[in-house]
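Just so you know, the sequences run in chain order A and B.
Under the numbering used here, the first residue of the first sequence is numbered 1, with each subsequent residue one higher.
Under the numbering used here, the first residue of the second sequence is numbered 1001, with each subsequent residue one higher.
Shown next, in structure tokens, is the structure this report addresses.
Protein chains: 2
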Amino acid sequence: MEPLEELETRLREIVDLRSAAAVLEWDQNTYMPPEGAAARGRQIATLQRLAHEKLSDARVGRLLETLEPWARERADDDPGACLVRMTRLDFDRATRVPPAFTARFADHVARTWNVWTKARPADDFAMVRPLLERTLEMSRELAGFFPGATHVADPLIDQMDPGMTAASVRALFSALRAELVPLARDILSQPAADDACLKQAFPEEAQLAFGGEIIRAIGYDFSRGRQDKTHHPFMTRFSWGDVRITTRVKERDLGEALFSTVHEAGHALYELGTARELDGLPIGEGASAGIHESQSRLWENVVGRSRPFWHHFFPKLQAAFPSQLSGISETTFYRAINKVARSLIRTDADEVTYNLHVMIRFDLELEMLEGKLAVRDLPEAWRARYQSDLGVSSPTDRDGCLQDVHWFGGQIGGVFQGYTIGNVLAAQLWEAALDQHPDLPEEHARGEFGTLRAFLVERLHRHGRKHLAPAIIEQATGHPLTIEPYLGYLKGKYGELYGL
Amino acid sequence: MEPLEELETRLREIVDLRSAAAVLEWDQNTYMPPEGAAARGRQIATLQRLAHEKLSDARVGRLLETLEPWARERADDDPGACLVRMTRLDFDRATRVPPAFTARFADHVARTWNVWTKARPADDFAMVRPLLERTLEMSRELAGFFPGATHVADPLIDQMDPGMTAASVRALFSALRAELVPLARDILSQPAADDACLKQAFPEEAQLAFGGEIIRAIGYDFSRGRQDKTHHPFMTRFSWGDVRITTRVKERDLGEALFSTVHEAGHALYELGTARELDGLPIGEGASAGIHESQSRLWENVVGRSRPFWHHFFPKLQAAFPSQLSGISETTFYRAINKVARSLIRTDADEVTYNLHVMIRFDLELEMLEGKLAVRDLPEAWRARYQSDLGVSSPTDRDGCLQDVHWFGGQIGGVFQGYTIGNVLAAQLWEAALDQHPDLPEEHARGEFGTLRAFLVERLHRHGRKHLAPAIIEQATGHPLTIEPYLGYLKGKYGELYGL
């Protein structure tokens, strides 16, 4: 076998194992009976361990050494050369972390997650505190396997958002914060929008049907995916032809299922838009956490909470829920779905305050990793930051530092920044799309989304993970990541909404 | 690591891979979107190939050699010793078949199955004929990897029903046939039972709910399983805590979902009854195709089509479908669900004629393997045997030799005999259970099934695959496989029904 062919064969096997693990996880979250849990955890761990073993096989290293001189001679965008370059990064990362550490960490995380599922409803931070302390130690140990890093969080951030560092995220967040805090203050000094129209009783089946209609309209292809209900919504890719989403429905909150459905469909459109010929290879998937989030937020917020979008869909929504919405105007509805409010829960936050929630977490996790903040002081530090940044603070830890799964699922440092990068990049992509297609808002008002989708496929989706995130972003928008379009978007939209 | 511990660790990994493949297959049959098919086939093949590679690893052979002297000193029923003995058989089988052959065969079978799915509705045997010829050649090649066999089908039969051979199955079938043909003739000379009561419109959801109620009553535990709809019903085990069944519903045939549900639940009760401490090991599963089928047929037919069973459930069925069944007597219903008729389709056949369908297939596949019957002559040979054995013959091949998936799914020789062994063994187990618990019919008439279930768990289920099928059968019933209880059961039940 030729070296490139052998490398591809080995990588396809790894992707098959990971895709199989993804199917098992999807089933675990959708249809698995309760008593299936114990064996399922073991089965998923086996698949992931085998995938890791196969990626860190010395033979992969030798194939890379053979192929790298060849790859350097190829065009920058040559799929084979891209595969060699990206596999080098994956291989180095996989071989730097000893399998024994990975197994220990996985065990610890499983135990921690399990305790967190009890500690959160019990509002008992002390229960999970020693475990979180251990997670921090192990996260530092993990970072230590990448000795060149400037900051302890850099290897963790780089894994999720390649090309970003603690320093570059801090710079981005600092610039953003300087504008967002006064913007939020100005908005919050106004009377709050009335969102009572969303808080009526909306039958579950009708909500699901309407969500399905919307995502079909924006291009989600049900012959290549499906939607099921889960406790927490997510998107998962099994192959180019099978990219699924899940949602949850709250009978008395129309926004919950609706926007989580559009959000997850945005993630799915990215995976569905990757080039078919890359399917089954590790370069055939989304490129980074931040870029992925840009796709979900673009469709959920920039498009899905826009006036033109609801100019088209609101009459249909009224027809689906006549008794609840026939007396509601399009503008009232538009204001309701864009209500800005001080809140305790990140996932419920509006576009303007959402990033402040993210920054609190990012700053606190970096302080903990640096050893400047002790885990025992986290609950108070959390409350203090919420009070200063958002003007609210939770009396409980349940709605405070216990609210997100991430830290208790083993991700401290490296995960939250992706949410804000996604928001920023969504606006940057939208600006690039508008620049090329100024009629997009009019098209959306007619329920036509093909132009935007084609733009995203051409500029972003089809390239998968052939390059690192910074190159992908520059290729898609013509610029490095920048906050200007996002600030312009927020100020324009909310300035108009709140007469600023 | 101690040798036994290392062997167990390796075997658990293999079972995890196979269980993962089973989840992917379940999903393929239940919820997978259409475009997911191509990658899914590849993913399943990867998992199965890896499981095969790991089983045939030379290290497994060395561990077995180390452990076999130890195992010989242990008690016959010692789990470790059983594991060593059964793994020796599995290892020898796995290492005898070259991986290249397995891959070629899998490819060929996938292509053949695909063509069959088109050939059957098109009633076009010629379309699939050359592929079936190739399957026969490859089946002979496969058998050739087991050179000690007396008959070419022996290694194929032994894989599904260990301990059986072409000669022993022929002897069993010949003795059975001598009694079944005149019994069927006597019954079919009587006026046919009236089953019109089953052929009304029964809403799908209510059928599913009633089936669920029945299998819950016989002991299927929904916290350790679930039921979904598929084109063809099946049972699948992912672990001791997750054993699922599927069913299909025909609105105008009450018997379809009802008895397929009880059938698959019978398979599931077997897997659910295996010892929990064997879970994840290859000896923690059902022991053979025939024994498995005995559990499905025992619950479907011996119990599920009995008078006492319906004495309990018929009033509930009437309550569930009052407009359809309120005017129907228990006896009319009992006769309807036990109607004996000449039929073309095996899966629709009644208890008396079912085995004649099986024997036709078994005889024809052996003739083909022996080279005595050419594939091009199969359609006519099929028609001739149906005419002589059952007095009917299909003008089409769709309802003739194209009807079953098995041959076109790569299984020629080795699969059909299990269905009849299952029927025979179901009666043998029932006799053994009645011998110990003569009140079983009265208990069933009260809707109590715990005694029978406990008997089956104790005598059969909990032992899993610790021994070969013949030893398991003898342990469960006190006798080797024998047709006398089955003939007695059929003659008793149908003699009473038809006044013979």
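All residues carry an ideal CB built from backbone N, CA and C; glycine is no exception.
| Asked | Found |
| --- | --- |
| Cβ pair count under 8 Å reaching 3, the region 433 to 442 of chain A against the region 369 to 383 of chain A | no |
| Whole-angstrom distance between Asp-124(A) and Thr-477(A), CA atom to CA atom | 46 Å |
| CB contact check: Ala-20(A) to chain B, cutoff 8 Å | yes |
| Buried/exposed call for Ala-523(A), threshold 16 Cβ in 10 Å | The displayed coordinates of chain A run from 1 to 500. Any statement about residue 523(A) would go beyond what the structure contains. |
| Host alpha helix (DSSP H) of Arg-307(A) (start-end) | 307 to 320 |
| Contact list for Ser-1056(B) against chain A, beta-carbon separation under 9 Å | None at all; the shortest Cβ gap to chain A is about 16 Å. |
| DSSP-derived helix/strand/coil call for Val-109(A) | helix |
| N- and C-terminal bounds of the alpha helix (DSSP H) containing Ile-138(A) | The amino acid occupying residue 138(A) in the given sequence is Met; Ile does not appear at that position. Here the alpha helix (DSSP H) through Met-138(A) covers 125 to 144. |
| Chain-ordered chain B contacts of Asp-16(A) [CB-CB under 8 Å] | Arg-1042, Gln-1043, Thr-1046, Leu-1047 |
| Within chain B, partners of Tyr-31(A) - CB distance below 7 Å | Arg-1226 |
| Listed by chain order, chain B residues near Asp-242(A) by CB distance under 8 Å | Met-1032, Pro-1033, Glu-1035, Gly-1036, Ala-1039, Arg-1040 |
| Contact between the region 1409 to 1421 of chain B and the region 1286 to 1301 of chain B (3+ Cβ pairs under 8 Å) | yes |
| Contact set for Val-1249(B): own chain, Cβ-Cβ below 6 Å, skip 5 residues either direction | Glu-1204, Gln-1207, Ala-1257 |
| Limits of the unbroken alpha helix (DSSP H) element including Thr-1396(B) | Where Thr-1396(B) is concerned, there is no enclosing alpha helix (DSSP H), given that its DSSP letter is neither H nor E. |
| Helix, strand or coil at Arg-244(A) [DSSP, three-state] | strand |
| The region 1273 to 1283 of chain B / the region 1397 to 1406 of chain B touching (three or more Cβ pairs under 8 Å) | no |
| Environment of Asp-1194(B) [buried if 16+ CB atoms lie within 10 Å] | exposed |
| Within-8 Å CB hit, Ala-13(A) to chain B | Here residue 13(A) turns out to be Glu, not Ala, going by the sequence shown. Judged by the 8 Å Cβ criterion, Glu-13(A) is in contact with chain B. |
| Residues that DSSP places opposite Ser-239(A) in a beta bridge | Asp-242(A) |
| Separation of Arg-18(A) from Pro-503(A), as counted between CA atoms | One cannot answer for residue 503(A) here, as it falls past the ends of chain A, which runs 1 to 500. |
| Cutoff 8 Å; reference Ile-44(A); Cβ partners in own chain excluding five residues on either side | Ala-21, Leu-24, Glu-25, Gln-28 |
| Under the three-state DSSP convention, the category Asp-1195(B) falls into | coil |
| Asp-228(A) - partner residues in DSSP beta bridges | Thr-246(A) |
| Span separating the alpha-carbon of Trp-299(A) from that of Ala-1058(B) | 53 Å |
| Selected residue, minimal CA-CA separation from Tyr-1494(B), among Glu-1442(B), Thr-1230(B), Val-1302(B) | Val-1302(B) |
| Beta-carbon proximity of Thr-1135(B) to Gly-1410(B), cut-off 8 Å | yes |
| Member of Val-1084(B), Asp-1242(B), Thr-1117(B), Leu-1456(B) whose CA lies at the smallest distance from the CA of Trp-1070(B) | Val-1084(B) |
| Proximal chain B residues relative to Asp-504(A), where beta-carbon distance stays under 7 Å | Because chain A in this structure spans residues 1 to 500, residue 504(A) falls outside the shown range and cannot be described. |
| Within the region 1428 to 1464 of chain B, ranges of the alpha helix (DSSP H) (whole runs, at least 4 residues) | 1440 to 1445, 1450 to 1459 |
| Runs of alpha helix (DSSP H) lying entirely within the region 164 to 188 of chain A, each at least 4 residues, in chain order | 166 to 188 |
| CB contact check: Ser-1288(B) to chain A, cutoff 8 Å | no |
| Residues, ordered as in the chain, of the region 267 to 279 of chain A that lie near chain B by beta-carbon distance below 7 Å | Asp-279 |
| With 16 other Cβ atoms within 10 Å as the buried cut-off, status of Val-1392(B) | exposed |
| Proximal chain B residues relative to Phe-238(A), where beta-carbon distance stays under 8 Å | Gly-1036, Ala-1039, Arg-1040, Gln-1043 |
| Status (buried if at least 16 other CB within 10 Å, exposed otherwise) for Asp-92(A) | exposed |
| Under 8 Å by beta carbon: chain A residues contacting Ser-1223(B) | Pro-33, Pro-34, Glu-35 |
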